[in-house]
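To start, the structure under review is shown below, and the notes come after it.
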Amino acid sequence: MIRKETVVSFALLLLFLGVGNAISLGLHLRVPGNVIGMILLTVCLLTKVLDVKRVEPAADMLLSEIGLFFVPPGVAVMLYFDLIAKQWFPLLAGVVGSLLAVLWATALAARLFEKKEARES
(Lines of atoms letter the chains of each structure in order from A and count residues from 1; the text may use other names and numbers.)
(Lines give C-alpha, C1' and ligand atoms only; values in the text may rest on other atoms or scores of the structure.)
Protein backbone atom coordinates (compact mmCIF):
# COMPACT_ATOMS: atom_id res chain seq x y z
CA MET A 1 0.00 0.00 0.00
CA ILE A 2 1.38 3.39 -0.97
CA ARG A 3 1.28 5.96 1.81
CA LYS A 4 -0.12 9.46 1.45
CA GLU A 5 3.34 10.97 2.03
CA THR A 6 4.70 9.07 -0.97
CA VAL A 7 1.91 10.31 -3.23
CA VAL A 8 2.46 13.90 -2.07
CA SER A 9 6.19 13.47 -2.60
CA PHE A 10 5.70 12.29 -6.19
CA ALA A 11 3.23 15.12 -6.77
CA LEU A 12 5.87 17.64 -5.67
CA LEU A 13 8.44 16.14 -8.05
CA LEU A 14 5.91 16.23 -10.88
CA LEU A 15 5.05 19.83 -9.99
CA PHE A 16 8.68 20.87 -10.37
CA LEU A 17 8.88 18.94 -13.64
CA GLY A 18 5.76 20.71 -14.93
CA VAL A 19 6.98 24.15 -13.87
CA GLY A 20 10.34 23.49 -15.51
CA ASN A 21 8.65 22.39 -18.74
CA ALA A 22 6.37 25.43 -18.69
CA ILE A 23 9.33 27.77 -18.25
CA SER A 24 11.31 26.05 -21.00
CA LEU A 25 8.43 26.12 -23.46
CA GLY A 26 7.14 29.55 -22.46
CA LEU A 27 10.50 31.26 -22.76
CA HIS A 28 11.61 29.16 -25.75
CA LEU A 29 14.77 28.06 -23.97
CA ARG A 30 17.15 25.43 -25.29
CA VAL A 31 17.47 23.99 -21.80
CA PRO A 32 15.13 21.01 -21.28
CA GLY A 33 12.28 21.53 -18.85
CA ASN A 34 13.34 18.63 -16.65
CA VAL A 35 16.74 20.27 -16.09
CA ILE A 36 15.08 23.57 -15.17
CA GLY A 37 12.73 21.72 -12.83
CA MET A 38 15.64 19.98 -11.10
CA ILE A 39 17.45 23.30 -10.71
CA LEU A 40 14.33 24.84 -9.16
CA LEU A 41 13.95 21.84 -6.84
CA THR A 42 17.60 22.12 -5.80
CA VAL A 43 17.25 25.85 -5.12
CA CYS A 44 14.10 25.26 -3.04
CA LEU A 45 15.85 22.54 -1.03
CA LEU A 46 19.01 24.60 -0.47
CA THR A 47 17.07 27.70 0.59
CA LYS A 48 14.86 25.60 2.90
CA VAL A 49 11.71 26.67 1.04
CA LEU A 50 11.01 22.94 0.72
CA ASP A 51 11.94 20.43 3.40
CA VAL A 52 13.83 17.40 2.11
CA LYS A 53 11.48 15.16 4.13
CA ARG A 54 8.68 16.16 1.73
CA VAL A 55 10.40 14.65 -1.34
CA GLU A 56 12.34 11.90 0.41
CA PRO A 57 9.72 9.12 0.03
CA ALA A 58 9.58 9.48 -3.76
CA ALA A 59 13.35 9.88 -4.00
CA ASP A 60 13.90 6.71 -1.96
CA MET A 61 11.45 4.77 -4.11
CA LEU A 62 13.02 5.99 -7.36
CA LEU A 63 16.55 5.29 -6.11
CA SER A 64 15.60 1.76 -5.10
CA GLU A 65 14.61 1.09 -8.73
CA ILE A 66 17.38 3.09 -10.41
CA GLY A 67 18.71 0.11 -12.38
CA LEU A 68 15.43 -0.06 -14.24
CA PHE A 69 16.00 3.43 -15.66
CA PHE A 70 19.19 2.31 -17.43
CA VAL A 71 17.48 -0.39 -19.52
CA PRO A 72 15.90 1.83 -22.25
CA PRO A 73 19.11 3.78 -22.99
CA GLY A 74 21.08 0.54 -22.98
CA VAL A 75 18.73 -1.01 -25.51
CA ALA A 76 18.79 2.15 -27.63
CA VAL A 77 22.58 1.93 -27.89
CA MET A 78 22.17 -1.29 -29.88
CA LEU A 79 20.53 0.71 -32.66
CA TYR A 80 23.70 2.74 -33.17
CA PHE A 81 26.49 0.14 -33.18
CA ASP A 82 27.58 1.18 -36.69
CA LEU A 83 27.84 4.84 -35.67
CA ILE A 84 29.66 3.92 -32.46
CA ALA A 85 32.17 1.84 -34.46
CA LYS A 86 32.92 4.84 -36.69
CA GLN A 87 33.07 7.44 -33.90
CA TRP A 88 34.55 5.41 -31.04
CA PHE A 89 37.42 7.76 -30.17
CA PRO A 90 35.36 10.94 -29.57
CA LEU A 91 32.86 8.88 -27.58
CA LEU A 92 35.61 7.32 -25.48
CA ALA A 93 37.21 10.73 -24.90
CA GLY A 94 33.85 12.15 -23.80
CA VAL A 95 33.16 9.25 -21.44
CA VAL A 96 36.63 9.38 -19.87
CA GLY A 97 36.55 13.18 -19.62
CA SER A 98 33.13 13.24 -17.98
CA LEU A 99 34.15 10.41 -15.63
CA LEU A 100 37.18 12.39 -14.49
CA ALA A 101 35.05 15.53 -14.06
CA VAL A 102 32.53 13.65 -11.91
CA LEU A 103 35.29 12.07 -9.81
CA TRP A 104 36.86 15.50 -9.25
CA ALA A 105 33.51 17.11 -8.35
CA THR A 106 32.66 14.26 -5.97
CA ALA A 107 36.04 14.52 -4.23
CA LEU A 108 35.63 18.29 -3.91
CA ALA A 109 32.12 17.93 -2.47
CA ALA A 110 33.28 15.25 -0.02
CA ARG A 111 36.15 17.46 1.12
CA LEU A 112 33.79 20.41 1.66
CA PHE A 113 31.33 18.28 3.65
CA GLU A 114 34.16 16.87 5.79
CA LYS A 115 35.40 20.39 6.59
CA LYS A 116 31.86 21.50 7.44
CA GLU A 117 31.33 18.51 9.75
CA ALA A 118 34.69 19.12 11.43
CA ARG A 119 33.74 22.75 12.14
CA GLU A 120 30.34 21.73 13.54
CA SER A 121 31.74 19.10 15.91
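For the sequence shown, this note's numbering assigns the number 53 to the initial residue and increments by one for each residue that follows. Think of the CB as a built atom: it goes at the ideal place given N, C-alpha and C, for glycine as much as any other residue.
Whole angstroms are fine: how far does the CA of residue j sit from the CA of residue i?
i, j, result
"Ala137", "Gly146", "15 Å"
"Leu77", "Gly85", "8 Å"
"Leu93", "Phe68", "6 Å"
"Ala170", "Arg163", "11 Å"
"Leu115", "Ala159", "22 Å"
"Asp112", "Leu81", "31 Å"
"Val71", "Leu64", "11 Å"
"Gly126", "Glu172", "43 Å"
"Leu79", "Asn73", "10 Å"
"Phe141", "Phe121", "26 Å"
"Val154", "Lys56", "36 Å"
"Asp134", "Glu117", "31 Å"
"Met130", "Phe165", "40 Å"
"Phe62", "Thr99", "20 Å"
"Gly149", "Tyr132", "21 Å"
"Leu152", "Gln139", "20 Å"
"Ala157", "Lys168", "16 Å"
With burial defined as no fewer than 16 other Cβ atoms inside 10 Å of the residue's Cβ, what is the status of residue i: buried or exposed?
i, result
"Ile88", "buried"
"Val107", "buried"
"Lys161", "The sequence shown places Ala at residue 161, rather than the Lys named in the question. Classification for Ala161: exposed."
"Ala128", "exposed"
"Ala110", "buried"
Identify, in the order they occur along the chain, each residue of the same chain with its Cβ nearer than 6 Å to the Cβ of residue i, setting aside the five sequence neighbours on each side.
i, result
"Val59", "none"
Identify, in the order they occur along the chain, each residue of the same chain with its Cβ nearer than 7 Å to the Cβ of residue i, setting aside the five sequence neighbours on each side.
i, result
"Leu144", "none"
"Leu102", "Cys96"
Unbroken stretches of the alpha helix (DSSP H), 4 residues or longer, contained in the stretch 73-106 = Segments of the alpha helix (DSSP H) lying fully in the stretch 73-106: 85-98.
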